[in-house]
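Residue numbers (my numbering): 742 to 859.
In structure tokens form, the structure reads like this:
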């Protein structure tokens, strides 16, 4: 049973948020799934630019908790582009036992309430 890498877990979170953005009518201008590169999504909706930061959060950490310093830095950058800034925390856990790591064979539970504006 191969343990998922940090990048693979991040990609899971990216897929969840990307699908949510797509379902809400956002048009992607840029997608960056590389770890530690921000923002993950640059998207357009109603002729307005949106920067979306995605974080995969492991149990027992709260996916709604955001890094204020990081988000302030991104917001300062977004202002230069007249863009809105959003945070999307995606909680992921092994469905059999939340304390176990995610593997390529395990099912997982998602704790995602959508993206929030910063």
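In this text, a Cβ means the ideal position worked out from N, Cα and C, and glycines have one as well.
Same chain, Cβ closer than 8 Å to residue i, neighbours up to 5 away in sequence not counted
{"i": "residue 827", "result": "791, 792, 793, 794, 856, 857, 858, 859"}
{"i": "residue 805", "result": "830, 854, 857"}
{"i": "residue 802", "result": "832"}
Bridge partners - residue i, DSSP secondary structure assignment
{"i": "residue 796", "result": "830"}
{"i": "residue 849", "result": "835"}
Residue i versus residue j - alpha carbon distance
{"i": "residue 839", "j": "residue 742", "result": "16 Å"}
{"i": "residue 749", "j": "residue 788", "result": "32 Å"}
{"i": "residue 751", "j": "residue 745", "result": "10 Å"}
{"i": "residue 767", "j": "residue 836", "result": "30 Å"}
{"i": "residue 761", "j": "residue 844", "result": "24 Å"}
{"i": "residue 841", "j": "residue 800", "result": "9 Å"}
{"i": "residue 756", "j": "residue 821", "result": "27 Å"}
{"i": "residue 770", "j": "residue 786", "result": "10 Å"}
{"i": "residue 780", "j": "residue 823", "result": "15 Å"}
{"i": "residue 747", "j": "residue 783", "result": "22 Å"}
{"i": "residue 832", "j": "residue 759", "result": "15 Å"}
{"i": "residue 825", "j": "residue 812", "result": "11 Å"}
{"i": "residue 778", "j": "residue 772", "result": "10 Å"}
Interface flag, residue i vs chain C, CB-CB below 8 Å
{"i": "residue 819", "result": "Checking the listed chains, one finds no chain C in this structure; it contains a single protein chain."}
Cβ shell of residue i (< 7 Å), same chain only, five flanking positions each side left out
{"i": "residue 846", "result": "742"}
{"i": "residue 775", "result": "none"}
Rounded Cβ spacing between residue i and residue j (contact assumed at less than 8 Å)
{"i": "residue 830", "j": "residue 810", "result": "With a Cβ gap of about 15 Å, residue 830 and residue 810 do not count as contacting."}
{"i": "residue 796", "j": "residue 754", "result": "7 Å"}
6 Å CB neighbourhood of residue i in its chain, flanking five on each side removed
{"i": "residue 807", "result": "828"}
If we count Cβ pairs, one from each stretch, closer than 8 Å, do we get three or more for the region 838-853 versus the region 812-827? no
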